[in-house]
Every structure is written in structure tokens, then in C-alpha cells.
Amino acid sequence: MKWKTKFIICKLLAGLTALMYSGCAENKASLQLIASQSLDFPAASGIEYANGELFLFGDNAPHLLVLSPSYKIIRKLQYWPDS
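So the sequence shown is residues 11 to 93, counted in the working numbering.
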């Protein structure tokens with residue numbers, strides 16, 4: 011059984027290696043940072059965009075932050091009433 015586990019691990023590593031190097035093509039899309047903004051918000055765990063709004067949530071944040079696409083605060087939604 012040990013050889014099966016080793017074989018599976020080797021196959022996974024070979025697949026991951028091939029996957030990593032398949033992205034090294036010449037015709038990569040280029041990205042350019044056009045704006046940045048600092049927000050007073052503890053370590054955002056996730057950012058979601060829906061219905062023209064950005065939703066920022068974090069592990070240590072007492073509220074969910076709702077932003078416009080230009081990063082202006084629309085509202086703060088409390089997770090719990092006492093936070």
C-alpha cells in the first residue's frame with residue numbers, strides 16, 4: 011500500500027509542475043495598477059463584488075463594509091448588535 015501512496019503523490023507533483031509551467035507562455039495578459047486606496051479596516055479576509063457594490067469582510071472586523079466601486083463607504087453592517 012505504501013507504493014500506491016507514493017505513486018499518487020508523484021502523479022500529483024508531476025501534474026502540479028506541468029500546471030505551473032503551462033502558464034509560462036509568451037502571450038500573457040498584462041495587468042496594470044491604476045489606483046490604490048488604504049482603508050481603515052482590519053485584514054480583509056474576503057472581497058466580493060455584487061450589484062455594483064464591494065463587500066469587505068474580515069476575521070477581526072466588527073462589521074461588514076459595503077463600498078462603492080470608487081471605494082467610498084456606503085454603509086457598515088454590524089455582525090452582532092453588541093459589536
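Note that beta-carbon positions come from the ideal geometry of N, C-alpha and C, so glycine has one too. Since the structure is predicted, the reported quantities are computational estimates derived from the model, not experimental observations.
Burial state of residue i (16 or more Cβ within 10 Å)
i: L23; result: exposed
i: L41; result: exposed
Beta-carbon spacing of residue i, residue j below 9 Å
i: L87; j: F51; result: no
i: F65; j: L77; result: yes
i: E63; j: I84; result: yes
i: F67; j: S55; result: yes
Nearest residue (CA-CA) to residue i, options the options
i: A53; options: N70, A60 and P91; result: N70
i: S46; options: L26, I19 and K82; result: K82
Distance cut-off 8 Å: residue i Cβ against heavy atoms of the ligand ADP
i: A71; result: In the structure on display, the ligand ADP does not appear, and there are no ligands present to speak of.
**Prompt:** What are the start and end residues of each continuous beta strand (DSSP E) run of 3 or more residues lying completely inside the stretch 40–74, in chain order?
**Reply:** Given a length threshold of 3 residues, each whole run of the beta strand (DSSP E) inside the stretch 40–74 is given here in chain order: 54–60 and 63–68.
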